[in-house]
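Be aware that the sequence shown starts at 11, since it is given in my numbering, and climbs by one per residue.
The structure appears below as structure tokens.
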Amino acid sequence: MGKKKKLGAPREAYNPYYGKFKDESQMAKKPFFTWIFVIPGVVIGLLVGLRVQNVGLGVIFGAIMGIAIGTLLDKRLEKRKEEQEGRE
């Protein structure tokens, strides 16, 4: 039938170029900027949506881009903080 999953083991994948690695979450532990960047993204999406005459799609795209940019910023700040704590 099918393979049984190993419970409790961390998820690992095999990449032929880099070997095994652990799958790391892309979401920050404390998403602060993720939700702050939604508002400017929606405003910019609204302006672009008015320009191309598709307001709904522009607002949705702006919100998604705001979340994406905020998540990247949160994750980068989290990694920098962990590196600083490791040095001390």
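Glycine residues also receive a C-beta, built at the ideal position from the N, C-alpha and C atoms.
Spatial distance of residue i from residue j (CA atoms)
| i | j | result |
| --- | --- | --- |
| residue 61 | residue 69 | 12 Å |
| residue 41 | residue 63 | 32 Å |
| residue 67 | residue 97 | 45 Å |
| residue 71 | residue 85 | 21 Å |
| residue 75 | residue 92 | 26 Å |
Helix, strand or coil at residue i [DSSP, three-state]
| i | result |
| --- | --- |
| residue 98 | coil |
Supposed close pair residue i, residue j - CB separation, criterion 8 Å
| i | j | result |
| --- | --- | --- |
| residue 54 | residue 80 | Going by Cβ atoms, the distance from residue 54 to residue 80 rounds to 13 Å, so no, they are not a contact pair. |
| residue 95 | residue 39 | Contact doesn't hold; Cβ gap of about 14 Å is too wide. |
| residue 73 | residue 52 | 5 Å |
Notebook entry, point to check: Which runs of the alpha helix (DSSP H), 4 residues or longer, sit entirely within the region 33 to 67?
Noted result: 43 to 46, 48 to 62
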